[in-house]
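Colleague: Chains as they are written, first to last, in this note's numbering: chain A, 5 to 116; chain B, 384 to 493. Glycine included, every Cβ here is placed at the ideal spot set by N, Cα and C.
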Amino acid sequence: NAGVTQTPKFRILKIGQSMTLQCTQDMNHNYMYWYRQDPGMGLKLIYYSVGAGITDKGEVPNGYNVSRSTTEDFPLRLELAAPSQTSVYFCASRNDRGNEQFFGPGTRLTVL
Amino acid sequence: EDKVVQSPLSLVVHEGDTVTLNCSYEVTNFRSLLWYKQEKKAPTFLFMLTSSGIEKKSGRLSSILDKKELFSILNITATQTGDSAIYLCAVEARAYDMRFGAGTRLTVKP
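#1: Below 8 Å, can you find three or more Cβ-Cβ pairs linking the segment 453-472 of chain B to the segment 84-103 of chain A?
#2: Just how far apart, CA to CA, sit E422 of chain B and A468 of chain B?
#3: Only counting the same chain, and skipping five residues up and downstream in sequence, which positions put a Cβ closer than 7 Å to that of R443 of chain B?
#4: On the three-pair Cβ rule with 8 Å, is the segment 66-86 of chain A touching the segment 19-30 of chain A?
#5: Is R112 of chain A closer than 9 Å to K13 of chain A when the C-beta atoms are compared?
#6: Quick one: does Q389 of chain B have its CB under 9 Å from some CB of chain A?
#7: Is T411 of chain B closer than 9 Å to R477 of chain B when the C-beta atoms are compared?
#8: Kindly list, in the order they appear in chain A, the residues whose Cβ is closer than 7 Å to that of G486 of chain B.
#9: Assign V491 of chain B to one of two classes, buried (16 or more other C-beta atoms within 10 Å of its C-beta) or exposed (fewer than that).
#10: Between P493 of chain B and chain A, is the shortest Cβ-Cβ distance under 9 Å, so that the two count as touching?
#11: What residue from B:E475, B:G486 and B:L471 has the CA that sits closest to F428 of chain B's CA?
#12: Contact check, Y35 of chain A vs V54 of chain A under 8 Å by CB: the rounded distance?
#13: If you compare alpha carbons, which of B:T403, B:S415, B:P426 and B:D385 is closest to Q94 of chain A?
#14: So the beta strand (DSSP E) M431 of chain B belongs to, where does it begin and stop?
#15: In chain A, which residues lie less than 9 Å from E461 of chain B when you measure between Cβ atoms?
#16: When DSSP labels each residue in this structure, what does Y460 of chain B get in the three-state scheme?
#17: What is the rounded straight-line gap between the Cα of M23 of chain A and the Cα of R81 of chain A?
#18: Would you report the Cα separation of Y39 of chain A and I50 of chain A, rounded to the nearest angstrom?
#19: Between the segment 462-477 of chain B and chain A, which residues of the former have a C-beta closer than 7 Å to a C-beta of the latter?
#20: Determine the direct distance from the alpha carbon of L116 of chain A to that of K450 of chain B, and round the result to whole angstroms.
#21: Starting from K13 of chain A, trace the beta strand (DSSP E) both ways and give me its first and last residue.
#22: Looking at C-alpha atoms only, which residue of B:H397, B:N405 and B:E384 is the closest neighbour of S390 of chain B?
#23: For M45 of chain A, count neighbouring Cβ atoms within 10 angstroms of its own Cβ and tell me buried if that reaches 16, exposed if not.
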């Protein structure tokens with residue numbers, strides 16, 4: 005099992021550019037999450053999904069979009085990048101019993 | 384508004400010391416509280432607590448939840464340099480909606 009994988013590991017964007025952060029899990033988990041972590045801060049929930057075709061907003065959804073067409077994949081889309089979106093982004097998945105979240109290695113995004 | 388507050392924000396101790404990390408919360412429809420350890424990269428799971436007063440233990444780490452007073456503590460005994468990390472507390476505020484505290488940065492000196 006690869007667990008939760010994220011690509012890319014690092015990315016630099018210019019203001020106004022768009023990009024998609026990829027997240028894939030091979031554990032057949034229904035629940036998937038996207039978080040951002042700013043320096044010295046905890047994680048803030050951007051979006052989550054409870055299964056294929058179902059997504060919902062978290063605490064800080066503005067400027068982001070998600071889709072969940074399959075159980076395995078949960079991409080996060082930034083349409084018009086802004087400097088405030090400079091952060092480390094973590095994807096996570098969770099099993100149906102809800103005992104713990106498994107995190108991906110993170111994507112470090114810088115918007116200049 | 385849901386919130387999770389951890390204290391202290393940072394802590395420096397020497398090997399062999401015992402530390403207590405605090406997490407208080409105000410959330411609607413509490414479902415569970417989780418503790419994570421974050422070293423250089425992604426958080427790794429430590430404990431999940433749902434019932435008040437029941438201690439979860441794993442080696443030198445233990446945690447307990449008080450649902451009446453809305454807080455949890457994480458204890459680490461006989462600390463080692465490998466315990467140096469950021470410890471994150473998270474509360475499931477609504478179904479599947481996790482709220483994290485800012486974390487406690489623990490530094491253990493030899």
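Modeller: Taking the coordinates as given:
#1: no
#2: Sequence index remark: in the second sequence, residue 422 of chain B carries index 39 (1-based). Sequence index remark: in the second sequence, residue 468 of chain B carries index 85 (1-based). So the two alpha carbons sit approximately 5 Å from each other.
#3: By one-based count along the second sequence, residue 443 of chain B stands at place 60. Answer for R443 of chain B: I459, T460 and A461, listed in chain order.
#4: Because the criterion of three Cβ pairs below 8 Å is met, the segment 66-86 of chain A and the segment 19-30 of chain A touch.
#5: Counted from its first residue, the first sequence places residue 13 of chain A at position 9. Counted from its first residue, the first sequence places residue 112 of chain A at position 108. Yes, these two residues count as a Cβ contact at 9 Å.
#6: Stepping through the second sequence from its first residue, residue 389 of chain B is reached at position 6. True, the Cβ-Cβ gap to chain A drops below 9 Å.
#7: To locate residue 477 of chain B, count along the second sequence from 1; it is residue 94. To locate residue 411 of chain B, count along the second sequence from 1; it is residue 28. By the CB criterion at 9 Å, R477 of chain B and T411 of chain B fall inside the cutoff.
#8: Your numbering for residue 486 of chain B matches position 103 in the second sequence. Within 7 Å Cβ-Cβ: G46.
#9: By one-based count along the second sequence, residue 491 of chain B stands at place 108. Counting Cβ neighbours within 10 Å, V491 of chain B comes out buried, since at least 16 surround it.
#10: On the second sequence, position 110 is the one that residue 493 of chain B refers to. It does not; no Cβ of chain A falls within 9 Å.
#11: Within the second sequence, numbered from 1, the residue matching residue 428 of chain B stands at position 45. Ranking the options by Cα distance to F428 of chain B, first place goes to B:L471.
#12: As a first step, residue 35 of chain A is located in the first sequence; it is residue number 31 there, counting from the start. As a first step, residue 54 of chain A is located in the first sequence; it is residue number 50 there, counting from the start. Yes, Y35 of chain A and V54 of chain A are in contact; Cβ-Cβ is about 6 Å, under 8 Å.
#13: Within the first sequence, the letter at position 90 stands for residue 94 of chain A. This sequence places Phe at residue 94 of chain A; Gln is not what is there. Of the residues B:T403, B:S415, B:P426 and B:D385, the one whose Cα lies closest to the Cα of F94 of chain A is B:P426.
#14: Looking up residue 431 of chain B in the second sequence gives position 48. It spans T427 to L432 - the beta strand (DSSP E) in which M431 of chain B sits, taken as one unbroken run.
#15: The residue you call residue 461 of chain B lines up with position 78 of the second sequence. The question names Glu, but residue 461 of chain B is Ala in the sequence shown. Simply none; closest approach about 25 Å.
#16: Taking the second sequence and counting its residues from 1, one reaches residue 460 of chain B at position 77. The residue you asked about is not Tyr; residue 460 of chain B is Thr in the sequence shown. Coil.
#17: To locate residue 23 of chain A, count along the first sequence from 1; it is residue 19. To locate residue 81 of chain A, count along the first sequence from 1; it is residue 77. Approximately 6 Å, taken between the alpha carbons.
#18: Along the first sequence, read from residue 1 onward, the residue named residue 39 of chain A stands at position 35. Along the first sequence, read from residue 1 onward, the residue named residue 50 of chain A stands at position 46. If I take the Cα positions, the gap works out to 5 Å.
#19: L471
#20: For this step, residue 450 of chain B is matched to residue 67 along the second sequence. For this step, residue 116 of chain A is matched to residue 112 along the first sequence. Spanning the two alpha carbons is a distance of roughly 44 Å.
#21: For this step, residue 13 of chain A is matched to residue 9 along the first sequence. Looking at the DSSP string, K13 of chain A is not in any beta strand (DSSP E), and its letter there is neither H nor E.
#22: Taking the second sequence and counting its residues from 1, the one referred to as residue 390 of chain B is at position 7. The candidate whose alpha carbon is nearest that of S390 of chain B is B:N405.
#23: The residue you call residue 45 of chain A lines up with position 41 of the first sequence. With fewer than 16 Cβ atoms within 10 Å of its Cβ, M45 of chain A is classed as exposed.
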